[in-house]
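Just so you know, the sequence shown maps onto residues 563 to 628 in the working numbering. Heads up, the beta-carbon is just placed ideally off N, CA and C, and yes, glycines get one too. Worksheet: the structure to be examined is printed underneath.
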Amino acid sequence: MRKQMGVKQEDIQAFTQSGISKLESRKDMKISTLVEYLHNIGMGLEIKAYPKKRKHKLDEVVLLKM
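As structure tokens, then:
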């Protein structure tokens, strides 16, 4: 995503270059870390919940939008 946004590692002040490299290769991270990273590359985050089986009449619900 960072590359697609045209942001270089050295442009991100909140993280070291080695920290960015480690962060981008992680499979699991805290939401707060992800939010900070995304903010620094000019993106936001939205987390939704939805029923897995479409037979329910529930709509998707936005749980978090940052």
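C-alpha gap between G604 and F577, whole angstroms:
Numbered from its first residue, the sequence shown carries residue 604 at position 42. Numbered from its first residue, the sequence shown carries residue 577 at position 15. Each residue's Cα considered, the two are about 15 Å apart.
Compare the Cα-Cα distances from G581 to each of L596, V623 and E622 and report the closest residue.
As a position in the sequence shown, residue 581 is number 19, starting the count at 1. It is L596 whose Cα lies nearest to the Cα of G581.
Would you tell me roughly how many angstroms separate the C-alpha atoms of V624 and E572, rounded to the nearest one?
Your numbering for residue 624 matches position 62 in the sequence shown. Your numbering for residue 572 matches position 10 in the sequence shown. Rounded to whole angstroms, V624 to E572 spans 33 Å at the Cα level.
Tell me V597's beta-bridge partners as DSSP assigns them.
Taking the first residue of the sequence shown as 1, we reach residue 597 at position 35. Its beta-bridge partners do not exist; DSSP assigns none.
Which class does E608 belong to by DSSP, given the choice of helix, strand or coil?
By one-based count along the sequence shown, residue 608 stands at place 46. Of the three classes helix, strand and coil, the one that applies to E608 here is strand, per DSSP.
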